[in-house]
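In what follows, a single structure is set out as structure tokens and then discussed.
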Amino acid sequence: MLSIAGSDNSSGAGIQADIKTAKSLNAYCTTTLTCITSQNSKKVSKVFSIPTHIVLSQIETIKEEYNIDGIKIGLLTNYKLVNPLKKILEFMNVPIVIDPIYKSTSGKKFMNKKNFVDTYFSLSKIASYLTPNLNEAKLLSNSQKKNFSKKQILSVLFNKLKIPIILTGGDDNEHYSNDTLISKKGIKEFKLEKIKSNNTHGSGCSFSTALTIFLANGETVENSIKLAKSFIRKTILSSPNVGIDYGPIC
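Residue numbering for the sequence shown follows my numbering, beginning at 92 and increasing consecutively.
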């Protein structure tokens with residue numbers, strides 16, 4: 092697979108989490124860095140966007156030598172990258188999972204709202220699946236000020252983007268991690284009991300990477316979601332204790 096995402100120097104999320112996730116699932120993860128972040132469990136201090144020509148060069152060199160079975164797009168911080176990225180990926184006949192990231196858990200915004208929305212509306216033209224959390228789905232559907240249910244938010248967004256969307260449910264403070272898929276077939280929920288753990292850094296990145304791998308292996312989207320959720324749960328339960336309040340899942 093190919094992960095197009097940012098670098099997290101704490102190795103909790105981003106490219107580092109994607110590589111660890113792929114290794115755990117016996118997959119090989121090639122990478123393309125979109126940005127370099129300076130962060131720890133409490134804050135994102137600095138963000139440096141990789142120049143567009145360097146991002147594209149990374150993708151080209153991978154395409155020249157490797158057979159890519161699936162692509163995951165994570166953190167993007169440069170809106171000017173969008174059109175070149177679409178062009179270089181548009182004819183790749185593999186699952187493309189896009190995990191939109193508006194801000195870090197600590198609150199650092201990586202794009203302004205307009206650029207964030209424009210970025211993912213544009214990239215949806217080449218995407219197979221989108222995996223926003225609730226806040227990101229509200230922004231993309233322009234429903235953050237409306238008293239919509241999760242299913243209503245999903246319906247609005249699906250009608251706009253016309254691609255399957257998996258709303259990840261770990262961020263809504265319920266007792267269950269309830270992911271919701273909307274597609275042409277309708278809406279389906281996938282529920283697992285939440286785990287009480289401080290080691291959840293990178294869970295979103297790892298979920299979208301695991302999803303990409305299972306899709307690339309030929310699993311249906313429904314089964315891929317189940318398998319990815321089960322993997323994340325097992326990984327959190329066996330996560331390393333590195334002695335910080337917000338630790339990595341793997």
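Backbone N, C-alpha and C fix where the C-beta goes; we use that ideal spot for every residue, glycine too.
Since this is a predicted model, take the numbers as computed values, not measurements.
As assigned by DSSP and simplified to three states, the class of residue i
i: Tyr170; result: helix
i: Gln107; result: helix
i: Tyr220; result: strand
i: Phe239; result: coil
i: Asn269; result: strand
i: Phe281; result: strand
i: Cys126; result: strand
i: Val188; result: strand
i: Lys320; result: helix
i: Val138; result: strand
i: Lys325; result: helix
i: Ile304; result: helix
i: Thr152; result: helix
i: Phe57; result: Limits of the chain in this structure are 92 at one end and 341 at the other, which puts residue 57 out of reach.
i: Tyr211; result: helix
i: Asn206; result: helix
i: Thr311; result: coil
i: Glu181; result: coil
i: Val146; result: helix
i: Val247; result: helix
Inter-residue CB distance, residue i and residue j (contact presumed, cutoff 8 Å)
i: Thr112; j: Ile153; result: Not really, about 18 Å apart at Cβ, beyond 8 Å.
i: Val135; j: Lys178; result: In fact, because the Cβ distance is near 29 Å, the residues do not count as touching under 8 Å.
i: Ala228; j: Ile187; result: Not really, about 19 Å apart at Cβ, beyond 8 Å.
i: Leu245; j: Leu258; result: 6 Å
i: Lys163; j: Thr311; result: At roughly 18 Å, the Cβ-Cβ gap does not stay under 8 Å, so Lys163 and Thr311 are not in contact.
i: Val138; j: Thr125; result: About 10 Å separates the two Cβ atoms, so there is no contact after all.
i: Leu252; j: Phe212; result: 7 Å
i: Ser268; j: Leu283; result: 5 Å
i: Phe298; j: Ile278; result: 19 Å between Cβ atoms; not a contact.
i: Gly165; j: Cys296; result: 6 Å
i: Asp209; j: Tyr170; result: 7 Å
i: Ser132; j: Ile335; result: 5 Å
DSSP beta-bridge partners of residue i
i: Ala113; result: Answer is none; Ala113 lacks a bridge partner.
i: Gly165; result: Note: Gly165 sits in no beta bridge, so no partner.
i: Leu93; result: Thr121 and Ile162
i: Ser339; result: It is worth fixing the name first, because residue 339 is Pro in this sequence and not Ser. Paired residues: His292.
i: Ile286; result: Per DSSP, none; premise fails for Ile286.
i: Ile256; result: Leu221 and Ile273
i: Ser98; result: Ile127
i: Lys200; result: Lys194
Per-residue burial, residue i [other beta carbons within 10 Å of its own, 16 or more giving buried]
i: Gly260; result: buried
i: Gln130; result: buried
i: Pro191; result: buried
i: His266; result: exposed
i: Pro142; result: exposed
i: Leu93; result: buried
i: Tyr119; result: exposed
i: Lys320; result: buried
i: Gln107; result: buried
i: Tyr193; result: buried
i: Phe182; result: exposed
Q) Between the segment 205-223 and the segment 297-313, are three or more C-beta pairs nearer than 8 Å? A) yes
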